[in-house]
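Residue 442 in our numbering is what sits at position 289 of the sequence shown, and the numbering runs on without skipping anything. Virtual Cβ for every residue (Gly too), placed ideally from N, Cα, C. The structure under discussion appears below in the form of structure tokens.
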Amino acid sequence: MSQKIAKPFLKWAGGKTQLLHDIENKFPYQKDDTLTYIEPFVGAGSVLFWVLNHFPNIKTVVINDINEDLIQTYQIIKNNVQALIPLLKEWENEYHQLVQKKEYYYAKRTLFNTRHSDAVTQTALFIFLNKTCFNGLYRVNKKNHYNVPIGSYKTPLICDEENLYAVNQALKKVEILNGDFEHTIDFITKNTVFYLDPPYKPLSQSSSFKAYSQYDFNDQAQIRLKEFCDTLDAKNCKWILSNSDVKSVNPNNHFFDDLYEKYHINRVSAKRNINANPTKRVKLTESLIAN
Ligand SMILES: C[S@@+](CC[C@H](N)C(=O)[O-])C[C@H]1O[C@@H](n2cnc3c(N)ncnc32)[C@H](O)[C@@H]1O
């Protein structure tokens, strides 16, 4: 199969495709540099795939996320994509043929939530739900049960075979970790850059979107992350961090300005689209902070 450029294989709230251009401009290394890239909150990995495609001499790449199901999916695509593809194809065929899709979707969701299947099946379920659910959301409750309803797609692309093979190849040089972001510190070498994309601080109580995993990311965690950035800075690592711009909705909210006063804070515009109502998808500014 001809080698295609690998791109994100999931829809993920907070996907960085919109901000990619600003992140590229801030990126502290050039195309031919040798570097180590670490992404402790990888999600769907839009910046990861840009890095993998853009830096042919990259030495070490490390990704991490606290979400076990997500990380298992990366590991299976890296190590066993051959087993994954036939299963996804079979389910795609079955799904496209159904007029009434509800029963099929909810049966897959229930099976996913038992978490008793083998790793390949569990990964196929994860991808299937991501491609067929409402808005490509990943949201779990406190029991880690995925609870997103069915989406209205008639013939969604569930098995993007070409891209899955490209991702399989691209991940060959990637170390894949599952845990808290702080553990990634062990992988620092010379010329290391971190891109940090934590769950955003909510702009208001009602906009709070705690969907990625059963673990909360509260203000205490935001402060712990800033201390982590201080440690990286002391170790001469470069880092770029994105977050919400709380000041844009409340001019008196100096949370990030105070926390990151030692560093460079840029406000960049980005269209957020995790809102269920398309008319409410507004242009907002976000913070892009770097050392
Ligand atoms: C904003 S998303 C990342 C979006 C991603 N960069 C993209 O382009 O799609 C934040 C990620 O952080 C993960 N996360 C939450 N708490 C974490 C923690 N303490 N350590 C590591 N990852 C965490 C979530 O599971 C989620 O995937």
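Any idea what DSSP makes of residue i, helix, strand or coil?
i, result
"Lys-169", "coil"
"Thr-226", "helix"
"Lys-195", "What sits at residue 195 in the sequence shown is Val, not Lys. Here Val-195 sits in coil by DSSP."
"Phe-180", "coil"
"Met-154", "In this prediction, Met-154 has a pLDDT of 48, which is less than 50 and means its spatial position is unreliable; what the coordinates show is noted afterwards. DSSP places Met-154 in coil when its eight states are reduced to three."
"Phe-347", "strand"
"Asp-372", "helix"
"Asn-283", "helix"
"Tyr-413", "coil"
"Ala-277", "helix"
"Val-252", "coil"
"Ser-401", "helix"
"Ala-443", "strand"
"Arg-262", "helix"
"Leu-201", "helix"
"Thr-267", "helix"
"Ala-159", "coil"
"Thr-142", "Since the first residue of the chain shown is 154 and the last is 444, residue 142 is not available in this structure."
"Lys-391", "strand"
"Asn-232", "helix"
"Asn-246", "helix"
"Thr-187", "coil"
"Ile-211", "coil"
"Ile-216", "strand"
"Lys-164", "coil"
"Asn-406", "coil"
"Ile-418", "strand"
Let me make sure I understand the geometry here. Which of the options has the alpha-carbon closest to that of residue i?
i, options, result
"Pro-302", "Ala-260, Pro-181, Glu-243", "Ala-260"
"Gln-225", "Lys-184, Val-402, Thr-274", "Thr-274"
"Asn-405", "Leu-356, Lys-212, Asn-331, Ala-159", "Leu-356"
"Leu-241", "Leu-310, Lys-254, Gln-183, Phe-265", "Leu-310"
"Tyr-416", "Val-402, Ser-397, Asp-386", "Asp-386"
"Lys-255", "Asn-316, Ser-422, Gly-304, Ile-238", "Gly-304"
"Thr-267", "Lys-296, Leu-290, Lys-169, Asn-210", "Lys-296"
"Phe-408", "Leu-330, Gln-375, Lys-164", "Gln-375"
"Leu-282", "Val-252, Lys-184, Thr-263", "Thr-263"
"Asn-288", "Arg-420, Lys-157, Ile-158, Leu-163", "Leu-163"
"Ile-211", "Gly-198, Thr-337, Tyr-182", "Tyr-182"
"Thr-337", "Thr-384, Thr-308, Asn-371", "Thr-384"
"Pro-193", "Asp-350, Asn-403, Ala-423", "Asp-350"
"Thr-308", "Asn-331, Gln-253, His-249", "His-249"
"His-174", "Ser-422, Asn-294, Val-402", "Ser-422"
"Ile-329", "Pro-209, Ile-176, Asn-220", "Asn-220"
"Val-293", "Glu-414, Phe-265, Val-402", "Phe-265"
"Ile-418", "Val-402, Ser-397, Asn-403", "Ser-397"
"Leu-324", "Glu-177, Ala-443, Gly-198", "Gly-198"
Report yes if the C-beta distance between residue i and residue j is below 8 Å; otherwise report no.
i, j, result
"Val-346", "Leu-188", "yes"
"Ile-341", "Cys-382", "no"
"Val-234", "Asp-218", "no"
"Glu-448", "Ser-395", "Any answer about residue 448 is impossible in this case: the structure gives the chain only from 154 up to 444."
"Val-399", "Lys-326", "no"
"Phe-279", "Asp-369", "no"
"Tyr-348", "Ile-393", "yes"
"Leu-201", "Ile-191", "no"
"Thr-285", "Tyr-306", "yes"
"Asn-388", "Leu-412", "Note that residue 388 is Lys in the sequence shown here, rather than Asn. No, these two residues do not count as a Cβ contact at 8 Å."
"Cys-312", "Glu-245", "yes"
"Leu-441", "Lys-179", "yes"
"Asn-344", "Asp-186", "yes"
"Lys-160", "Glu-315", "no"
"Tyr-258", "Ala-166", "no"
Next on the checklist: Would you call the region 229 to 241 in contact with the region 198 to 213, where contact means no fewer than 3 C-beta pairs closer than 8 Å?
Outcome noted: Output reads no: the region 198 to 213 does not touch the region 229 to 241.
Next on the checklist: Just to confirm the assignment: which complete alpha helix (DSSP H) runs, minimum length 4, are found wholly within the region 288 to 337?
Outcome noted: Taking only runs of at least 4 residues, the alpha helix (DSSP H) segments lying wholly in the region 288 to 337 are 314 to 323.
Checklist entry - Are three or more beta carbon pairs between the region 232 to 252 and the region 311 to 326 nearer than 8 Å? => result Judged by Cβ distances under 8 Å, the region 232 to 252 makes contact with the region 311 to 326, as three or more pairs qualify.
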